[in-house]
Every structure is written in C-alpha cells, then in structure tokens.
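J.:
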Amino acid sequence: VAIIVVAIFFITSSDSASLVVDMLASGGHPNPPTWSRVLWAALEGVLALALLVAGGQDALSALQAGSLITALPFSVVMILMGIALIKALQYELKTVEHRESLERLGRVTEYIAGEMSSNLSESSELQEYVDDRIDYRLSRSSSRGFGRPSAPRK
1 VAIIVVAIFF
11 ITSSDSASLV
21 VDMLASGGHP
31 NPPTWSRVLW
41 AALEGVLALA
51 LLVAGGQDAL
61 SALQAGSLIT
71 ALPFSVVMIL
81 MGIALIKALQ
91 YELKTVEHRE
101 SLERLGRVTE
111 YIAGEMSSNL
121 SESSELQEYV
131 DDRIDYRLSR
141 SSSRGFGRPS
151 APRK
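Residue numbers (this note's numbering): 1 to 154.
See the structure below:
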C-alpha cells in the first residue's frame, strides 16, 4: 500500500511539474498542447532514470543531489517573493491607515461644523451683529450709487 501511495505521489508531482514547465515553455498559454506536456514528462522521467543509473550504488544520493541543485534557484525566488509580500503588506497597511485617518477627519469635521452652525444660529448677539454689518454695508453701497440706475452719459 505504501508503494502505491508513493507512486501516486510521484506521478501526480511529475504531472503537475510537466504542466507548469509546458505552460512556461509555451509562453504562458493556460492550455498548452498535450503532446508537449507528455514530452516534458518523458524528459523528466529520463533525467531521473539517468541520475539513478549514473549513481550506481549511491543512486538515491545522486537523485537527491540533483533535486537539491535544481531547487536552489527556486529557493532564491521564494525568498524574494517573501520579501515582496512583506513590502506589499506594509504598503497596504499604510494605505488602510491613511484612508481611516481621512474618514476620521471627515467625521470630526462634520461634527464640528454641525456644532458650530447650531451654536451660531442660536446666538442672538451674533445674529444682531451680522444684521448690523449687513445693514451698514447696504447703506454704504446705496450712498455710493451702487444699485441705482446710472445717469445717461453725455
């Protein structure tokens, strides 16, 4: 049973790897031709078999060494992806914090504006002062001739 499970694992992994390599080789096409996928799977199998044959008594060691050598570039890519993820999350956190601070500022501004307008509309002294200023400006405007029809020019 264990041999069957291990065989299924290796076959599934090889199939997935063949699909990914085939998609990359075909320029990112999501559904590459089946024949090229079979070709990549066969090449992977031949490479594994060659490593097993070349290893002699230490065949498994040779296969493990080959796996580690090919995994090294992927580990560098994974580290770079982790760094990029951390930077992206930090940027998103700053963006969310900025948006939240703008929302708080808007709420505070609305509250203060509402309080000021209700307090100002209830103040009779302020209302009288504003009315007096308006009356004064209107009287000054009418004494200068603003608002009256002008005399015809000669």
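Virtual Cβ for every residue (Gly too), placed ideally from N, Cα, C. These figures come from a predicted structure and were not determined experimentally.
Does the region 70-77 come into contact with the region 85-92, if we say contact requires no fewer than three beta-carbon pairs (one atom in each stretch) closer than 8 Å?
T.: Not touching, per the Cβ criterion.
J.: Pro32 and Asp22: beta carbons closer than 8 Å?
T.: Yes, the pair counts as a contact, with Cβ atoms nearer than the cut-off.
J.: Looking at the unbroken alpha helix (DSSP H) that takes in Val5, where does it start and where does it end?
T.: First-last of the alpha helix (DSSP H) with Val5: 2-25.
J.: Enumerate in chain order the residues of its own chain whose CB-to-CB distance from Leu19 is below 7 Å, with the five nearest sequence positions on each side excluded.
T.: Only Arg37 meet the Cβ criterion.
J.: Measuring straight from C-alpha to C-alpha, what distance separates Val108 and Asp132?
T.: So the two alpha carbons sit approximately 32 Å from each other.
J.: CB-CB under 6 Å to Glu44, same chain, minus the five flanking residues each way: which ones, in chain order?
T.: Closer than 6 Å at Cβ, skipping near neighbours: Ser14.
J.: Under 8 Å between the Cβ atoms of Leu68 and Leu52?
T.: Cβ distance not < 8 Å, so Leu68 and Leu52 don't count as in contact.
J.: For Ala41, which residues of its own chain have a beta-carbon under 7 Å away from its beta-carbon, when the five flanking residues on both sides are left out?
T.: Cβ within range, chain order: Ser14, Asp15, Ser18.
J.: Can you tell me which of the three DSSP states Ala106 falls into?
T.: Rather than Ala, the amino acid found at residue 106 in this sequence is Gly. Reduced to three states, the DSSP call for Gly106 is helix.
J.: Tell me where the alpha helix (DSSP H) around Gly55 begins and ends.
T.: Counting along the chain, the alpha helix (DSSP H) containing Gly55 begins and ends at 34-55.
J.: DSSP three-state call for His98: helix, strand or coil?
T.: It is helical.
J.: With DSSP as the reference, label Asn119 as helix, strand or coil.
T.: Helix, per DSSP.
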